[in-house]
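Enquirer: Below are the structure tokens for one structure; questions will follow.
Numbering (our numbering), first residue to last: 316 to 582.
Written as structure tokens, this is what we have:
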């Protein structure tokens with residue numbers, strides 16, 4: 316049996332991954348869990364030997380497999396054969412979690428009898444529901460304007476989003492509005508963050524380059540920097556359109572966030 320989780324939303328994918336393992340442990344008293352990194356020397360051989368041995372013994376076991384993208388071509392073909400030969404094996408489950416969509420050769424992983432689930436980056440109403448759900452877990456209430464604001468800042472970054480919700484849950488105020496979030500961001504981000512944002516948006520080239528260097532030296536996420544600039548309430552319509560065009564280029568894979576920030580500083 317194979318369970319295949321895939322897609323760029325690593326937060327929800329990891330959440331499902333943990334849920335599956337926890338469920339198996341509860342249902343099977345003698346459950347055993349094994350990890351195989353195919354990117355390591357001999358990783359594929361260890362997995363192949365493990366699966367072969369399990370056909371001779373009983374019990375409930377799970378093999379968590381990673382690193383398939385690092386396999387050599389010859390090993391990749393053997394890996395495909397190995398997976399196909401274990402599609403309906405009883406007593407052992409192969410659990411795979413990957414960020415990308417399967418290539419043509421691995422399309423069988425998104426067909427029955429494989430149990431598969433895709434985790435796309437959330438947008439619109441789906442993202443709003445996710446924020447509501449995570450806020451409820453932390454016993455805080457976030458109004459619609461604040462959810463929209465957080466969704467833009469932490470676009471395609473649910474790890475950053477839930478970390479922000481964790482911080483907000485520590486506040487005395489449990490009914491969160493945009494004013495509270497903005498005040499909170501000012502408190503937790505580096506002191507010069509918002510000044511540097513303004514410099515990136517409108518300073519001369521030397522100031523913009525210095526601001527970008529400061530951000531990157533502090534390990535600020537490029538995606539967050541871009542989204543903070545893009546959602547500025549003081550931005551002109553022309554600037555907002557420019558950010559929208561950049562956003563399309565990023566989504567289509569033509570540009571990375573780092574490239575966009577660099578372009579902005581030298582224009």
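We put the CB at the ideal spot given by N, CA and C, even for glycine.
Computed from a predicted structure; not experimentally measured.
Just mark residue 459 as buried or exposed, buried being the case when its beta carbon has 16 or more other beta carbons within 10 Å.
Expert: Translated into the one-based positions of the chain shown, residue 459 becomes position 144. Residue 459 should be labelled exposed.
Enquirer: Does the count of Cβ pairs from the region 438 to 449 and the region 330 to 349 closer than 8 Å reach three?
Expert: In short, these stretches do not touch, since the Cβ pair count stays below three.
Enquirer: Once DSSP output is grouped into helix, strand and coil, what is the label at residue 323?
Expert: For this step, residue 323 is matched to residue 8 along the chain shown. DSSP places residue 323 in coil when its eight states are reduced to three.
Enquirer: Can you give the Cα-Cα distance for residue 491 and residue 497, rounded to whole angstroms?
Expert: Stepping through the chain shown from its first residue, residue 491 is reached at position 176. Stepping through the chain shown from its first residue, residue 497 is reached at position 182. Taking the straight line from one Cα to the other gives about 11 Å.
Enquirer: Below 7 Å CB to CB, which residues in the same chain sit around residue 452 once its five sequence neighbours on both sides are set aside?
Expert: Here the question's residue 452 lines up with position 137 in the chain shown. No residues qualify anywhere along the chain.
Enquirer: Go through its chain and collect everything with a Cβ distance to residue 545's Cβ below 6 Å, but skip five positions before and after it.
Expert: Counting from 1 along the chain shown, the entry for residue 545 is found at position 230. Closer than 6 Å at Cβ, skipping near neighbours: 558.
Enquirer: If you drop the 5 nearest sequence neighbours on each side, which residues of the same chain put their C-beta closer than 6 Å to that of residue 525?
Expert: Against the chain shown, residue 525 aligns to sequence position 210. Answer for residue 525: no residue qualifies.
Enquirer: Tell me whether residue 575 sits in a helix, a strand or coil according to DSSP, three-state version.
Expert: Indexing the chain shown from 1 puts residue 575 at position 260. Helix, per DSSP.
Enquirer: Do you know offhand how far residue 462's Cα is from residue 415's?
Expert: The residue given as residue 462 occupies position 147 in the chain shown. The residue given as residue 415 occupies position 100 in the chain shown. Cα to Cα, residue 462 sits roughly 27 Å from residue 415.
Enquirer: Evaluate residue 521 with the Cβ neighbour count: other Cβ atoms within 10 Å of its Cβ, from every protein chain shown; 16 or more gives buried, anything less gives exposed.
Expert: The residue labelled residue 521 in the question sits at position 206 within the chain shown. Residue 521 comes out exposed.
Enquirer: Suppose you measure from the CA of residue 467 to the CA of residue 418; what does that come to, to the nearest Å?
Expert: As a working mapping, residue 467 is identified with position 152 in the chain shown. As a working mapping, residue 418 is identified with position 103 in the chain shown. Roughly 31 Å between the two C-alpha positions.
Enquirer: Is the beta carbon of residue 570 closer than 8 Å to that of residue 537?
Expert: Taking the first residue of the chain shown as 1, we reach residue 537 at position 222. Taking the first residue of the chain shown as 1, we reach residue 570 at position 255. In this structure, residue 570 does not lie closer than 8 Å to residue 537 by Cβ.
Enquirer: Which full runs of the alpha helix (DSSP H) of 4+ residues lie inside the region 476 to 503, going along the chain?
Expert: Runs found: 493 to 503.
Enquirer: At what residues does the beta strand (DSSP E) containing residue 469 begin and finish?
Expert: Position 154 of the chain shown, counting from 1, holds the residue named residue 469. Element bounds for residue 469: n/a, residue is neither H nor E.
Enquirer: Enumerate in chain order the residues of its own chain whose CB-to-CB distance from residue 329 is below 8 Å, with the five nearest sequence positions on each side excluded.
Expert: Counted from its first residue, the chain shown places residue 329 at position 14. Result list for residue 329: 412, in chain order.
Enquirer: Smallest Cα separation from residue 321: which of 432, 561, 489 and 527?
Expert: Position 6 of the chain shown, counted from the start, is the residue given in the question as residue 321. Nearest C-alpha to residue 321: 432.
Enquirer: In three-state terms, what does DSSP make of residue 434?
Expert: What you label residue 434 is simply residue 119 of the chain shown in a count that begins at 1. Coil at residue 434, not helix or strand.
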